[in-house]
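Visitor: Top line first, the protein sequences correspond to chains A and B.
Last residue of the first sequence: 247 (the working numbering), numbering continuous.
Last residue of the second sequence: 494 (the working numbering), numbering continuous.
C-beta: ideal position from N, C-alpha, C; glycine also.
2 protein chains.
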Amino acid sequence: MTTGYTPLPETSTSDLVADRLRDAILAGDLKSGDRLIETDLAERFEISRGPVREAIRQLVPEGLVVLRRNRGAVVASPTLDDVLEVYAVRLSLGTVALQQAARVQTVASPQFQGAAKRLELLRNRSIQEDAQLMLEADLAFQDALLSLSQLPRMSALLAQSARDAASFVRMLGVTYDNTDHAALIQRHEVLLDAIRAGSPTAATGAWHQHIRATVEEFTRCYDDPDHTDISQHPLANLVLANTLEKP
Amino acid sequence: MTTGYTPLPETSTSDLVADRLRDAILAGDLKSGDRLIETDLAERFEISRGPVREAIRQLVPEGLVVLRRNRGAVVASPTLDDVLEVYAVRLSLGTVALQQAARVQTVASPQFQGAAKRLELLRNRSIQEDAQLMLEADLAFQDALLSLSQLPRMSALLAQSARDAASFVRMLGVTYDNTDHAALIQRHEVLLDAIRAGSPTAATGAWHQHIRATVEEFTRCYDDPDHTDISQHPLANLVLANTLEKP
DNA sequence: TGAATGTCGATTGTTAACAATCTGGCACTC
DNA sequence: GAGTGCCAGATTGTTAACAATCGACATTCA
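#1: Check whether the Cβ atoms of D164/A and G63/A lie closer than 7 Å to each other.
#2: Once the 5 residues before and after A140/A are set aside, which same chain residues still bring their CB inside 7 Å of it?
#3: Using Cβ-Cβ distances below 9 Å, what residues of the segment 63-95 of chain A are close to chain B?
#4: Check H319/B in the structure and name its three-state DSSP category.
#5: What number of angstroms, rounded off, separates the C-alpha of S394/B from the C-alpha of E46/A?
#6: Would you call the CB atoms of T342/B and T451/B closer than 7 Å?
#7: Tell me, to the nearest whole angstrom, how far the beta carbon of L91/A is from that of I195/A; I am working on the premise that it is less than 8 Å.
#8: Which ranges would you report for the alpha helix (DSSP H) in the segment 40-121 of chain A if only whole runs of at least 4 residues count?
#9: Sorted by chain position, which residues of the same chain lie with C-beta nearer than 7 Å to L158/A's C-beta, five sequence neighbours on each side aside?
#10: How many Å lie between Q113/A and T326/B at the Cα?
#11: Would you check if there are 3 or more beta carbon pairs closer than 8 Å linking the segment 23-33 of chain A to the segment 275-284 of chain B?
#12: What do you get for P110/A, buried or exposed, if any count of 16 or more other CB atoms within 10 angstroms of its CB means buried?
#13: Beta-carbon within less than 6 Å of S14/A's beta-carbon, same chain only, minus the 5 sequence neighbours each way: which residues are those?
#14: How many angstroms separate the CA atom of M134/A from the CA atom of T461/B?
#15: Using the C-alpha atoms, what's the distance from P152/A back to Y334/B?
#16: For S373/B, count neighbouring C-beta atoms within 10 Å of its own C-beta (all shown protein chains included) and say buried if the count is 16 or more, exposed if not.
#17: Could you name the residues of chain B that S12/A contacts, counting a contact when the two beta carbons are closer than 8 Å?
#18: Starting from H428/B, trace the alpha helix (DSSP H) in both directions and tell me its first and last residue.
#19: Using only alpha-carbon positions, find the residue among A131/A, Q150/A, H208/A, L192/A that is nearest to R170/A.
#20: Buried or exposed: which applies to E129/A, given that a residue is buried once 16 or more other Cβ atoms fall within 10 Å of its Cβ?
#21: Using DSSP bridges, identify the partner residues of R282/B.
#22: Determine the direct distance from the alpha carbon of W207/A to that of A197/A, and round the result to whole angstroms.
#23: Rounded to whole angstroms, what is the Cα-Cα separation between G72/A and V307/B?
#24: According to DSSP, is E216/A helix, strand or coil?
#25: Any C-beta of chain B sitting closer than 7 Å to the C-beta of R153/A?
#26: Using a beta-carbon distance below 7 Å, is P110/A in contact with chain B?
#27: Whole-angstrom Cβ separation of E257/B and M154/A, contact assumed at under 8 Å?
#28: Contact defined as beta carbons within less than 8 Å: I believe D34/A pairs with V74/A. What is the distance between those atoms, to the nearest angstrom?
#29: I need the straight-line Cα distance from A116/A to L192/A, nearest angstrom please.
#30: Please report how far the alpha carbon of A323/B lies from the alpha carbon of V312/B, in whole angstroms.
#31: What whole-angstrom Cβ distance do Q160/A and V104/A have, given they're in contact under 8 Å?
#32: Can you tell me where the alpha helix (DSSP H) with T258/B in it begins and where it stops?
#33: What is the DSSP secondary structure of Q150/A, reduced to helix, strand or coil?
#34: Can you give the Cα-Cα distance for R315/B and T422/B, rounded to whole angstroms?
#35: With respect to the alpha helix (DSSP H) encompassing R372/B, which residues constitute its N-terminal and C-terminal limits?
#36: To the nearest whole angstrom, what separates the beta carbons of L419/B and V330/B, a pair I think is in contact under 8 Å?
Okay, here's the thing in structure tokens:
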């Protein structure tokens with residue numbers, strides 16, 4: 001009895017509520033600026049205000065919610081800068097994580113098999129038809145991949161930033177429907193192959209390409225309210241300028 | 248009546264409690280494995296359990312406290328790996344932040360002056376005599392310096408990781424008394440000079456040197472309970488191998 | 001008219017009591 | 001003697017009521 005038993009899910013009420021709120025934001029049911037009123041949510045979930053309060057507090061360090069003392073919580077209003085900054089963080093940390101993953105990972109390990117399996121899921125047609133499921137599967141793969149580094153703190157930060165990026169992009173009005181699934185899956189395959197080959201340089205190169213493509217896809221779909229030229233944006237350049245090693 | 252009035256501190260009770268707990272951990276009054284019992288703390292602070300609960304919850308994402316459902320909170324027990332990983336994060340993110348800081352920062356700006364002023368504080372003899380004050384001043388300078396990047400999310404992560412590193416080092420039994428103040432201040436001066444000169448390469452180089460020196464100083468003072476050879480430690484190598492561009 | 005002030009409803013902050021769960025010890029069984 | 005079941009105390013999880021605060025509107029007074 002040593003295999004196959006995962007720990008029981010220790011999810012408290014407030015964790016469940018936090019999950020629901022996160023999902024609602026990611027699905028677009030809660031939009032930037034919407035107020036989160038403890039009493040309302042408590043009634044809706046048929047619980048008391050305590051757990052609701054805790055759930056809201058959880059979302060603050062995640063950047064999804066802004067709290068103002070005595071004035072309650074509202075769904076955050078991320079800006080273009082926020083999105084690009086999150087990608088800059090991912091670019092930076094992911095480079096280290098994948099480098100390490102390529103070094104330490106053995107292809108036969110269950111973790112690697114897990115990552116490969118999640119990529120397989122992404123190829124599934126029925127998943128590709130549901131943007132929400134597709135997004136979840138995408139996040140799950142990236143999380144598994146970056147966890148191969150066996151750097152738990154860094155992986156946690158990367159998982160967090162992946163969710164942040166997805167949420168922020170959604171809050172800025174860009175939906176996952178716009179993504180080119182084939183290209184996304186291809187990039188993921190390149191990443192996994194690099195790890196499989198145990199090549200740190202290939203892995204980081206593939207990662208840079210992935211981030212660059214993701215940011216470019218986002219900037220194409222995002223219609224800036226100030227209609228500034230994104231190619232001139234300093235943060236966009238920060239990300240893009242760093243995505244390729246100088247030759 | 249427009250000058251000299253800063254906004255009133257909007258610190259809630261739970262924030263105050265969280266600060267006190269954080270300080271207690273950093274000062275060594277709370278050690279790894281110590282239980283944080285809501286009732287006890289509530290009595291000690293002469294408040295009810297609610298705010299205490301919230302304070303404890305705040306410390307969880309910071310990595311200072313571990314929560315197990317229905318079994319309460321205990322002060323975290325970071326390992327050598329945790330410390331080194333935090334420094335790997337700092338190395339990675341700080342490189343980007345300082346690069347950006349060197350690019351965007353004008354020496355005359357109040358932010359730059361603020362950073363310079365904090366470095367000045369560090370030189371103060373009376374501060375150098377109190378390890379706790381010295382640590383605070385050190386953190387304040389690094390925070391100010393990295394904030395020059397005008398990348399708020401990245402700066403927040405860096406500030407967080409700086410506090411994490413300090414706490415973890417303390418929890419592993421290494422105190423700030425062991426640090427070489429003169430060398431520390433010198434490294435900070437080099438960093439500030441690089442920003443002043445507006446040189447991204449000088450700034451990132453100085454940052455790498457700083458992290459390397461910090462990690463080396465820590466590993467010297469830390470007597471590993473497993474007395475493994477730290478120079479053989481994979482994570483230490485991850486940090487140290489990345490601290491200098493290959494020639 | 002319009003700026004300053006008072007009041008009210010909505011909402012959060014805090015408290016204290018109650019319910020659920022875990023830990024450790026002890027008796028009991030086999 | 002190893003394992004199981006059960007109980008009591010300690011501690012967390014949840015609830016509902018009370019207090020404090022904020023924003024908006026009404027009111028006052030120049």
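Guide: Taking the coordinates as given:
#1: Yes, these two residues count as a Cβ contact at 7 Å.
#2: Only R118 meet the Cβ criterion.
#3: Residues G63, R68, R69, N70, D81, D82, E85, V86, A88, V89, L91, S92, L93, T95.
#4: The residue asked about is misnamed: residue 319/B is Gly in this sequence, not His. Correct three-state label for G319/B: strand.
#5: In this structure, the alpha-carbon of S394/B lies about 43 Å from that of E46/A.
#6: Judged by their CB atoms, T342/B and T451/B are nearer to each other than the 7 Å cut-off.
#7: Contact flag wrong, Cβ pair sits at about 17 Å.
#8: Whole alpha helix (DSSP H) segments, 4+ residues: 49-59, 80-104.
#9: Listed in chain order, the non-local C-beta contacts of L158/A below 7 Å within the same chain comprise R90, L93, G94, A97, L146, local neighbours out to five positions each way being set aside.
#10: Cα to Cα, the separation comes out at about 28 Å.
#11: No, the segment 23-33 of chain A is not in contact with the segment 275-284 of chain B.
#12: It counts as exposed.
#13: The answer, listed in chain order, is P51, E54, A55.
#14: Approximately 43 Å, taken between the alpha carbons.
#15: Each residue's Cα considered, the two are about 13 Å apart.
#16: Exposed.
#17: Going along chain B in sequence order, the residues near S12/A (Cβ under 8 Å) are R316.
#18: Where H428/B is concerned, the enclosing alpha helix (DSSP H) stretches over 428-443.
#19: With distances taken between CA atoms, R170/A lies nearest to A131/A out of A131/A, Q150/A, H208/A, L192/A.
#20: Flag for E129/A reads exposed.
#21: For R282/B, which the question treats as bridged, DSSP gives the partners V321/B.
#22: Their Cα atoms are separated by approximately 15 Å.
#23: One C-alpha to the other measures close to 22 Å.
#24: Helix.
#25: With a threshold of 7 Å between beta carbons, R153/A makes contact with chain B.
#26: With its beta carbon at least 7 Å from every one in chain B, P110/A lies outside the interface.
#27: Rounded, the Cβ-Cβ distance is 33 Å, inconsistent with contact.
#28: A Cβ-Cβ distance of about 7 Å is found for the pair D34/A and V74/A, placing them in contact under the 8 Å criterion.
#29: Straight-line Cα distance between these residues: approximately 7 Å.
#30: Taking the straight line from one Cα to the other gives about 5 Å.
#31: Contact check for Q160/A and V104/A: beta-carbon distance about 22 Å, past the 8 Å limit, so the pair fails to qualify.
#32: Secondary structure note for T258/B: it is in no alpha helix (DSSP H), with a DSSP letter that is neither H nor E.
#33: It is coil, neither helix nor strand.
#34: About 29 Å.
#35: Here the alpha helix (DSSP H) through R372/B covers 372-375.
#36: So it is a contact: roughly 7 Å between Cβ atoms.
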